[in-house]
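Sequential numbering of the sequence shown, starting at 1, is according to full-length UniProt numbering. Even for Gly, the Cβ is constructed at its ideal location relative to N, Cα and C. Shown next, in structure tokens, is the structure this report addresses.
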Amino acid sequence: MFLDRGADILRSDILYFASGRRRNAVEVTNFLLSRGADPNRLRFDGLEPGWSISRLKDGLGTPLHYAIRRHRLDVVLALVKAGADLSVQDTLGRTPRMLAELRHNAEVLALLDAHK
Numbered sequence: 001m002f003l004d005r006g007a008d009i010l011r012s013d014i015l016y017f018a019s020g021r022r023r024n025a026v027e028v029t030n031f032l033l034s035r036g037a038d039p040n041r042l043r044f045d046g047l048e049p050g051w052s053i054s055r056l057k058d059g060l061g062t063p064l065h066y067a068i069r070r071h072r073l074d075v076v077l078a079l080v081k082a083g084a085d086l087s088v089q090d091t092l093g094r095t096p097r098m099l100a101e102l103r104h105n106a107e108v109l110a111l112l113d114a115h116k
């Protein structure tokens, strides 16, 4: 709906939030990717002026970081297949692999290792 009304998919965090949805996450993610959403777009905006990024518990990162935090293996696979950069760091300096290690997520680690 937003895209049909002119929302700029390249200048929003819509893919970031879609990657963590509870329902239809992979379908929405694939749709947004098919419309040109950037799987490597870092999420920095949306913070209040004066907010310190260092105060964020999980850090901000790419949709891949968010999908890993939300344990969405299906979305992780969709993003990796779409060309998500596995070396991009979140605001706390963690790559997607580092985040998966931190969360003891063996399935995501295996998937990331298979797509190096």
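query: R97 and L112 look like a contact to me (Cβ under 8 Å); what is the Cβ gap, rounded to whole Å?
result: 5 Å
- request: Work out the CA separation of L33 and H71 for me, nearest whole Å.
  value: 19 Å
query: Looking only at C-alpha atoms, which of A114, V26 and L102 sits nearest to V75?
result: V26
- prompt: Straight-line CA distance for L109 to K116?
  reply: 11 Å
query: How is P39 classed by DSSP in three states: helix, strand or coil?
result: coil
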